[in-house]
Amino acid sequence: MRKISVFVGTSEDVYVFTITDGKRAFQLEPMVNQSESHHGMLLEGLIKIMEASQNVDLVYYSNHDHLPFEWEREFKKENQFSKGTKDLDKWNKVVELSKKNRINLTVKGDGDVLFAVGKRLSKEVRKNGS
């Protein structure tokens, strides 16, 4: 399985992905938020990446600390989401895609040390191109 890292940059109602496989990096066109919340926007972005991915180890640097808790703690350790989990329909789609597309998903938050690396990488990609 190949490994890809996805770093999310957000600003108000726009988000952008910087994707790297360790050898090269590229940035997708910015996307406009269609969700009612920042949380939902990040999950919609994750779903788009997962729909276009197969047979990968995907590390998603979400720029949000609730997402890693919900995925890494609630779902992976307890094998279910809590009743209070936001955007449960989107999380269920993530679960479905992880199985269907054979994606080993890890979700990180903005407290992860590589989040800062992702911010720097995004700036370099914007400055120099992919």
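Just so we're aligned: the sequence shown equals residues 265 to 394 in this note's numbering. All C-beta atoms, glycine included, are put in the ideal place defined by N, C-alpha and C.
Of the residues GLN298, MET314, SER269, GLU300, the one whose Cα lies closest to the Cα of LYS357 is MET314. Beta-bridge analysis with DSSP links ARG266 to VAL320. Separation of THR274 and HIS302 (C-alpha to C-alpha, rounded to the nearest whole angstrom) is 9 Å.
In the structure shown, LYS350 adopts coil according to DSSP, grouped into three states. Between ASN327 and LYS347, the alpha-carbon positions lie close to 23 Å from each other.
Within the stretch 265 to 294, the runs of beta strand (DSSP E) that reach at least 3 residues and sit entirely inside it are, in chain order, 266 to 275, 278 to 284, 289 to 291. The beta carbon of ARG366 lies closer than 7 Å to those of GLN318, ASN319 in the same chain, with the five residues before and after it left out. Cβ neighbours of VAL359 within its own chain (closer than 8 Å, five residues either side excluded): PHE339. Put simply, of ALA316, HIS330, THR370, LYS364 the residue whose alpha carbon is nearest the alpha carbon of LEU352 is HIS330.
Burial check for GLN291: the Cβ neighbour count within 10 Å reaches 16 or more, so the residue is buried. DSSP, reduced to helix, strand and coil, places ASN368 within a strand of the structure shown.
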